[in-house]
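Asks:
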Amino acid sequence: MKFMMLVKSALNSQNKPPPKELMEAMGKLEQEARNAGALLETGGLLPPAVAGARVTIRGGKMIVTDGPFAEAKEVVGGYAIFEVSSKAEALEWSKRFMELHTRHWKEWEGELEMRQFFQGENCGAEVGEARAHAV
45 MKFMMLVKSA
55 LNSQNKPPPK
65 ELMEAMGKLE
75 QEARNAGALL
85 ETGGLLPPAV
95 AGARVTIRGG
105 KMIVTDGPFA
115 EAKEVVGGYA
125 IFEVSSKAEA
135 LEWSKRFMEL
145 HTRHWKEWEG
155 ELEMRQFFQG
165 ENCGAEVGEA
175 RAHAV
């Protein structure tokens with residue numbers, strides 16, 4: 045099962061770089077996940093004010109808006125792609141990553157959104173199962 049983790053932070057957390065201790069701890073966790081064969085890819089994103097744009101379709105017309113985005117309360121700051129055996133395993137990696145923030149950057153506010161990729165011939169089954177469990 046393949047999952048993408050999107051790390052979103054409050055705009056006030058975008059004003060300064062992450063502490064060195066957090067970056068070192070994330071590097072160790074990343075190496076552990078790669079050694080376990082779970083982590084496929086990671087990446088950090090520049091703040092929208094630096095290099096961001098939105099392309100929106102509204103009323104059949106395309107609108108391009110350069111960052112920063114005044115209405116945004118949070119922005120995606122990075123991502124990771126994991127290949128694991130279960131949602132529970134993906135969630136465990138996600139929680140370990142977020143725990144590093146609570147230890148090494150106490151004033152940081154944000155969230156991690158975990159999303160499963162559509163995959164293989166049963167790619168529609170996950171959606172049907174999710175809807176059945178939500179009812």
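Counting the sequence shown from 1 gives a position; the numbering used here is that position plus 44.
Idealized CB from N, CA, C, for every residue including glycine.
All values derive from a computational prediction rather than experimental measurement.
#1: Could you tell me whether any non-hydrogen atom of the ligand FMN is closer than 7 Å to the CB of ALA95?
#2: Suppose the cutoff is 6 Å on Cβ atoms and the five residues either side in sequence are ignored; what does the same chain contact list for GLU85 look like?
#3: For the alpha helix (DSSP H) that contains PHE126, what are its first and last residues?
#4: Give me whichever residues DSSP pairs with SER53 in a beta bridge.
#5: Count the other C-beta atoms from every protein chain shown that fall within 10 angstroms of the C-beta of MET49, then say buried if there are 16 or more, exposed otherwise.
#6: Does the Cβ-Cβ distance between VAL119 and PRO91 come in under 8 Å?
#7: Quick one: is VAL108 buried, meaning 16 or more other Cβ sit within 10 Å of its Cβ, or exposed?
#8: Between VAL128, THR100, ALA69, GLY122, which has its C-alpha nearest LEU156's C-alpha?
#9: Do you know offhand how far LYS46's Cα is from GLU151's?
#10: Please report the straight-line C-alpha distance between ALA69 and LYS105, rounded to a whole angstrom.
#11: What is the residue span of the alpha helix (DSSP H) that LYS71 lies within?
#12: Alpha carbon to alpha carbon, how far is ARG98 from PRO112?
#13: So GLU153 and SER53 are in contact, right, with Cβ under 8 Å, and what is the actual spacing, rounded?
Replies: So, from the data block:
#1: Ligands displayed in this structure: none; no statement on the ligand FMN is therefore possible.
#2: Against the sequence shown, residue 85 aligns to sequence position 41. Only ILE125 meet the Cβ criterion.
#3: In the sequence shown, counting from the first residue as 1, residue 126 sits at position 82. Run containing PHE126: none in the alpha helix (DSSP H); it sits in the beta strand (DSSP E), 118–127.
#4: Indexing the sequence shown from 1 puts residue 53 at position 9. SER53 pairs with VAL119, GLY154.
#5: Position 5 of the sequence shown, counted from the start, is the residue given in the question as residue 49. Its Cβ being crowded by 16 or more others within 10 Å, MET49 is buried.
#6: As a first step, residue 119 is located in the sequence shown; it is residue number 75 there, counting from the start. As a first step, residue 91 is located in the sequence shown; it is residue number 47 there, counting from the start. Result yes, Cβ atoms of VAL119 and PRO91 sit closer than 8 Å.
#7: By 1-based counting over the sequence shown, the position of residue 108 is 64. When all chains shown are included, VAL108 counts as exposed.
#8: As a first step, residue 156 must be located in the sequence shown, where it is residue number 112. The candidate whose alpha carbon is nearest that of LEU156 is GLY122.
#9: Counted from its first residue, the sequence shown places residue 46 at position 2. Counted from its first residue, the sequence shown places residue 151 at position 107. Linking LYS46 to GLU151 through their CA atoms gives a straight-line distance of about 31 Å.
#10: As a position in the sequence shown, residue 69 is number 25, starting the count at 1. As a position in the sequence shown, residue 105 is number 61, starting the count at 1. One alpha carbon belongs to ALA69, the other to LYS105, and they sit about 45 Å apart.
#11: Numbered from its first residue, the sequence shown carries residue 71 at position 27. Here the sequence assigns Gly to residue 71, which means Lys is not the residue at that position. First-last of the alpha helix (DSSP H) with GLY71: 64–79.
#12: Position 54 of the sequence shown, counting from 1, holds the residue named residue 98. Position 68 of the sequence shown, counting from 1, holds the residue named residue 112. Whole-angstrom Cα-Cα distance: 10 Å.
#13: Taking the sequence shown and counting its residues from 1, one reaches residue 153 at position 109. Taking the sequence shown and counting its residues from 1, one reaches residue 53 at position 9. Their Cβ separation, rounded to whole angstroms, is 7 Å, which keeps GLU153 and SER53 in contact under 8 Å.
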